Every structure is written in structure tokens, then in C-alpha cells.
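For the sequence shown, the positions run 807 to 900 when the numbering used here is used.
Each residue gets a CB set at the ideal place from its N, CA and C atoms; glycine is no exception.
Computed from a predicted model, the values in this text were never measured in an experiment.
Notes follow once the structure below has been shown.
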Amino acid sequence: MADFIENPKSPEAASVFDLTEEKQVLMNALLTLPKQERLVLTLYYFEDMLLKEIGKVMSISESRVSQIHGKALLSLRARMRRAMYSPPPVVRDN
């Protein structure tokens, strides 16, 4: 971070911005997932819960949690790819 302050055009500064942008894209993509998928990913990755524990909390089987987890990851990756690689919106002056 000190490198960024000293030289905002340094490679380290660019990586700080890239990481921040990736986190924002991740959070936005996570928020667009269906509630059940979002809950599974949140409990698993942010609360460090096991699939078995998540199943108990959600009153579903561990194998169902695993299915939801897998589906959610696929959806999340696709949404992030679209967000990261889609062209920026065109801004027009009126």
C-alpha cells in the first residue's frame, strides 16, 4: 500500500485496484444468487461451517447442501466471468 501512495502508477498499485475490483464483482455476483445458494456459500466460506452443519441449520440433508453448493459455485463463476469480461457501458453526452 505504501508503494501505491508513493507511486500510484506502480504495478503494486494496479494490483491493489484489481483486487478491490474483484472483491466488488464477487460481492455483487453473490448478491444476485438465489437466497438458498447465497446462504450456503455464506455459511460455508464466511462462517466456516461444514456442509453437515449447514444442513442442520437449513433442515436439509448434507448431500442436498453439497448439490446447492456446487450449483452456486457454477453460477457464481459464470456471473463473475460475465461481469469481469463484459465491455464497459457506453456513456453518451446528450
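C-alpha distance - residue 882 paired with residue 839, whole-angstrom precision: 7 Å
Tell me whether residue 855 sits in a helix, a strand or coil according to DSSP, three-state version. coil
Whole angstroms are fine: how far does the CA of residue 869 sit from the CA of residue 875? 10 Å
Would you call the CB atoms of residue 878 and residue 843 closer than 7 Å? yes
Pick helix, strand or coil for residue 832, following the three-state DSSP scheme. helix
For residue 891, three-class secondary structure by DSSP: helix
With distances taken between CB atoms, is the gap from residue 863 to residue 846 smaller than 7 Å? no
Alpha helix (DSSP H) segment containing residue 845, residue limits: 841-847
With a threshold of 6 Å on Cβ separation, who are the neighbours of residue 884 within its own chain once the five nearest residues in sequence on each side are excluded? none
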